[in-house]
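Below: the structure, in structure tokens.
Residue numbers (our numbering): 421 to 530.
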């Protein structure tokens with residue numbers, strides 16, 4: 421029975437900036453998920469009457485803000501790496517209005 425080949429073609433070098441950006445983005449996404457879970461728990465406690473309304477609403481608002489902020493940081497970590505990977509570290513991190521810049525052409529010649 422042949423042994424399966426182990427290919428490391430798609431593995432990033434742990435010392436590369438892209439690897440560090442992916443790890444940072446992953447941690448920020450996890451933090452956002454935890455914050456969103458806390459928000460849902462606070463809203464359930466508000467609906468069932470297990471917590472006072474002011475505490476449950478405050479917890480839900482704070483957790484929602486934290487989730488939004490952490491997801492924004494995850495996106496910024498990946499966008500910052502994309503800008504440095506293209507060789508333009510000072511490029512603006514704003515998304516393009518219409519998606520990709522290049523024209524789409526067919527592969528068939530006429």
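Even glycine gets a Cβ: it sits at the ideal position worked out from N, Cα and C.
Practice problem: Note down the Cα distance separating residue 442 from residue 463, rounded to an integer number of angstroms. | Solution: 31 Å
Quiz prompt | Distance, residue 449 Cα to residue 467 Cα | solution = 27 Å
Quiz prompt | Neighbourhood of residue 490 by C-beta distance below 8 Å, restricted to the same chain and skipping five residues each side | solution = 448, 449, 451, 452, 455
Practice problem: Just the C-alpha distance for residue 477 and residue 470, rounded to the nearest angstrom, thanks. | Solution: 12 Å
Quiz prompt | Sequence-distant residues of its chain with Cβ nearer than 6 Å to residue 445 (five each side left out) | solution = 494, 497, 498
Exercise. Please classify residue 434: does DSSP put it in a helix, a strand, or coil?
Key: coil
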